[in-house]
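Shown next, in the form of structure tokens:
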């Protein structure tokens, strides 16, 4: 596949986690990078979460379909089932990129969950641990494995975490999720300072509200806030939309566009940042 857009990404090797779900940020990012000629290793867990089997993670079939879709567009792609909370699996993920494509240039730590949207007084410790394990520990493991490879190669690189506006401002019912994403933003700053001398940039993107199917699930965001406020889910959606100055919900492509820029040559002097992509819902 030849590069579109002149971003200097043709032939670059990118690892992206959390790619299985259609309509998600990971899938949109994989498509955008593939369109610019990047070679991809895409990953997802492909099975129910330990301790939260009801949570809507993608299946192994979803990941295979993502790989087939990308390959059909002309991309060079390898799909790997990976639990980002397992350091051996994350290390193997980076090793796969090196063995398959000869190295690594870009790590995008996108896998994330919000297992239990309830008040702190009702939040089970296991649900807190699960959310932090995927969102924060998973990002740490992806960054660590990538940094080891990138520093050994000695040619720079890009680390990008998908954080959240919930890593900038606390939200009711999102105690575990907010804690994990605040942690991700702090980790990004540390990694940026350590990796900078090696020519490696480290940033986070902080998406706002996506009107995606996960929010509609029982216990999802719309359901949780409708119960908290004793209003309908439609009223919650409308109130949320009213708080977005640009007047529409975010799309996965809004986020993937920023990720592609940060991964590109043009994004090479930006590091240590947690950049909002919220339509103005978050402004710091």
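In UniProt numbering, the protein residues as written are 1 to 284.
Cβ coordinates follow ideal geometry from the N, Cα and C atoms, glycine included.
For this session: Counting only the same chain and skipping the five closest in sequence on each side, list residues whose C-beta sits under 6 Å from that of residue 145.
Result: 90, 91 and 94
Problem set entry | Nearest-angstrom Cβ-Cβ length linking residue 185 and residue 271, presumed shorter than 8 Å | Contact doesn't hold; Cβ gap of about 13 Å is too wide.
Problem set entry | Backbone CA spacing between residue 263 and residue 230 [nearest angstrom] | 43 Å
Exercise. When the distance is taken between beta carbons, is residue 60 closer than 8 Å to residue 78?
Worked result: no
Problem set entry | Span separating the alpha-carbon of residue 114 from that of residue 170 | 14 Å
Problem set entry | Cβ-Cβ distance between residue 280 and residue 246 below 8 Å | yes
For this session: Less than 8 Å between the CB atoms is what I'm expecting for residue 67 and residue 42, so what's the real figure, rounded?
Result: 6 Å
Exercise. Which residue from 151, 37, 177 and 16 puts its Cα closest to that of residue 125?
Worked result: 177
Exercise. Secondary structure at residue 147, three-state DSSP: helix, strand or coil?
Worked result: helix
For this session: Measure the alpha-carbon distance for residue 223 versus residue 217 and round it to whole angstroms.
Result: 7 Å
Exercise. Considering only residues of the same chain and omitting the five flanking positions on each side of residue 26, which have a CB-CB separation below 6 Å?
Worked result: 16, 18, 19 and 110
Exercise. DSSP puts residue 203 in a beta bridge; with which residues?
Worked result: 160
Problem set entry | Opposing strand residues paired with residue 276 [DSSP bridges] | 206
For this session: Taking only runs that begin and end inside the region 59 to 147, name each unbroken alpha helix (DSSP H) of 4 or more residues, in chain order.
Result: 60 to 72, 87 to 101 and 125 to 132
Exercise. Taking just the CA atoms, how far does residue 121 sit from residue 30?
Worked result: 39 Å
For this session: In the DSSP assignment, find the unbroken alpha helix (DSSP H) run with residue 224 in it and report its ends.
Result: 221 to 229
Problem set entry | Cutoff 8 Å; reference residue 143; Cβ partners in own chain excluding five residues on either side | 107, 109, 159, 161, 187, 191 and 202
For this session: Rounded to whole angstroms, what's the CA-CA distance from residue 278 to residue 83? Just pull it up for me.
Result: 28 Å
Problem set entry | Burial state of residue 138 (16 or more Cβ within 10 Å) | buried
For this session: Would you kindly work out how many angstroms separate the C-alpha atoms of residue 153 and residue 36, rounded to a whole number?
Result: 23 Å
Exercise. Anyone know if the C-beta pair for residue 130 and residue 49 falls short of 8 Å?
Worked result: yes
For this session: Consult DSSP for residue 33 and reduce its assignment to one of helix, strand or coil.
Result: helix
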